Structures are given as structure tokens and as C-alpha cells.
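**Student:**
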């Protein structure tokens, strides 16, 4: 995990070619120059894989870190408040946990404008109710 994180953040240094350039012939087989070969346009597959990992790790790590942070703060605050506030919050979290996470994620994505952060928000929301509990 940490190796892929370092590799993706250092993509401009580690990638042998620009992921959008076409240095190879289309469908070039793997060789010493193009370790994973080339795609149908002639782009280096290894460079595209390294650059693509940056987005995947942003979505994965961003949603987990944001979900756990928000749910930790809410959980501590609600536990400290106690009493009726804690009981109402528990029932709200129980209601959220009864819905499938994918359904919540699709509903959020349908309402907000499309962007990379739009993908992180539903993942955070579906993981957040589990961490609060």
C-alpha cells in the first residue's frame, strides 16, 4: 500500500513517458522500452497505469480519511453530550445503516454536480455511519 502511494505521488518522476503522448506503435508488445507494451493508440501502458493510480488512491484514501475523521468527531461530541441527543443520533445512524451504501452513494451523485470530489463524498457518507456507530 505505501509503495503504491509513493509511486503514484511521484508519477511525473517515475513514469517513463507522458501518459497522453504516443511514443510507440499501436498495440506494441511489451519489450525493454515499453515494459507493459502500448495501447491501441500507441500510448505507454505503464505510464498510464502509474498516472491512473493517483486518481484511484485519491478517491480511496480521501473517502476513508474524511469519513473516519468526521465520524470520530461526531461520535465523540454525541457521546459527550449524552442523554436524549445521543439516543436521537443513534437512531439516525441506525436508520442510515439500514439503507444500502450504494443506494445512498448513487442518490448523492445524482444530486450534486459531477467532479472528482463528487465521487469521494458518497464513499465517505456510506463509510461514515459505520464509524460513528
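Numbering (the numbering used here), first residue to last: 3 to 135. For glycine and all other residues, C-beta sits at the position ideal for the given N, C-alpha and C. As the structure is a computational prediction, the values presented were derived from the model and not from experiment.
What would DSSP say about residue 41, mapped onto helix, strand or coil?
**Tutor:** Residue state, collapsed to three classes: coil.
**Student:** What is the DSSP secondary structure of residue 46, counted as helix, strand or coil?
**Tutor:** Looking at residue 46 - three-state DSSP - the assignment turns out to be strand.
**Student:** Considering only the beta carbon of each residue, do residue 49 and residue 19 sit closer than 9 Å?
**Tutor:** In contact: residue 49 and residue 19 (Cβ atoms closer than 9 Å).
**Student:** What first and last residue would you give for the alpha helix (DSSP H) that runs through residue 16?
**Tutor:** Looking at the DSSP string, the run of the alpha helix (DSSP H) that includes residue 16 is 13 to 16.
**Student:** Going by alpha carbons, who is nearest to residue 42 out of 27, 52 and 106?
**Tutor:** Considering only alpha carbons, the answer is 27.
**Student:** Among 12, 109 and 104, which residue has its Cα nearest to the Cα of residue 57?
**Tutor:** The candidate whose alpha carbon is nearest that of residue 57 is 12.
**Student:** Which residues mark the beginning and the end of the alpha helix (DSSP H) in which residue 113 is found?
**Tutor:** Counting along the chain, the alpha helix (DSSP H) containing residue 113 begins and ends at 103 to 113.
**Student:** Looking at residue 107: is its Cβ nearer than 9 Å to the Cβ of residue 124?
**Tutor:** Contact flag set, yes.
**Student:** Quick one, which of 44, 77, 66 and 73 has its alpha-carbon nearest residue 122's?
**Tutor:** The shortest Cα separation from residue 122 among 44, 77, 66 and 73 belongs to 66.
**Student:** Which class does residue 27 belong to by DSSP, given the choice of helix, strand or coil?
**Tutor:** Coil.
**Student:** Going along the chain, which residues of its own chain have a beta-carbon closer than 8 Å to the beta-carbon of residue 118, five neighbours each way excluded?
**Tutor:** Once the five neighbours on either side are set aside, the close Cβ partners of residue 118 are 57, 60 and 61.
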